[in-house]
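Residue numbers (the numbering used here): 4 to 265.
Idealized CB from N, CA, C, for every residue including glycine.
The structure displayed is predicted, hence computed values, not measured ones.
In what follows, a single structure is set out as structure tokens and then discussed.
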């Protein structure tokens, strides 16, 4: 697998502040392993399954899933490095956690979590490079923050975050491409660009943007080779589709999806 060489120059798309209920956010990067990308949108979990099955048949793997505007949006990539994938959803978080363990016994690791329409959804994979993957759920932020620090001390990195129904959940793993991590929480979207620029200057790159408990959670990491990144937001999903196509044409890959409020 050949990886494109990335640039070190960083660009940011500053948000336009317009009053709206919610909007889509995309993080784009160069120097990724993906040789091709696609995405699908579905109104229901039934249609979601059909769309995912079709993309799997084409040889694509799930990279990320986000829920917003009553729509599930799934991002795929070719050459993601997985040999097999699966996904499941449960309404109850405890049942979700038990199912995570059941998949683990079958050799799958959890790579992505999302909450939407009253369902906890998890994406699993075989063949990835990460090791000792752990799913954590806590009732309050303070407990989750302690868990982050504990895992960092043990050499595990935070891969994905989701907050819903009063629970903070996260995926931790070893053998990631991250050298070190940092995170920020901001209340207003207008503050997100400033925080990201500050972290970029410190040598960090975006791993995950999540809208959690009326706040934005920004997860960063340092890599061996800094990559060129850009982030953008659109209220209307059709405008967001145009934004995705624009950055694909410019040589970027879409690496993270989010939906949140100003």
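By the Cβ neighbour-count rule, residue 263 is buried, with 16 or more other Cβ atoms within 10 Å of its own.
Here DSSP, grouped into helix, strand and coil, assigns residue 31 to strand.
Taking residue 257 as reference, the option from 265, 240 and 235 with the minimal CA-CA separation is 235. Taking a 10 Å sphere around the C-beta of residue 87, we find fewer than 16 other C-beta atoms and assign the residue as exposed.
Residue 115: member of the beta strand (DSSP E) spanning 112-119, first to last residue. Spanning the alpha carbons of residue 231 and residue 244 requires a straight line of approximately 21 angstroms.
Where residue 105 is concerned, the enclosing alpha helix (DSSP H) starts and stops at 96-108. With fewer than 16 other Cβ atoms from the protein chains shown falling within 10 Å of its own Cβ, residue 143 counts as exposed.
Around the Cβ of residue 112, a 10 Å sphere holds 16 or more other Cβ atoms; the residue is buried.
In this structure, the CA atom of residue 137 is about 25 angstroms from the CA atom of residue 52. Minimum Cα-Cα distance from residue 206 among the listed residues 192, 182 and 90 corresponds to 182.
For residue 114, the CB contacts under 6 angstroms within the same chain, skipping 5 residues up- and downstream, are 126 and 128 in chain order.
Contact between residue 187 and residue 174 does not hold, since the beta-carbon distance rounds to 19 angstroms and is not under 8 angstroms.
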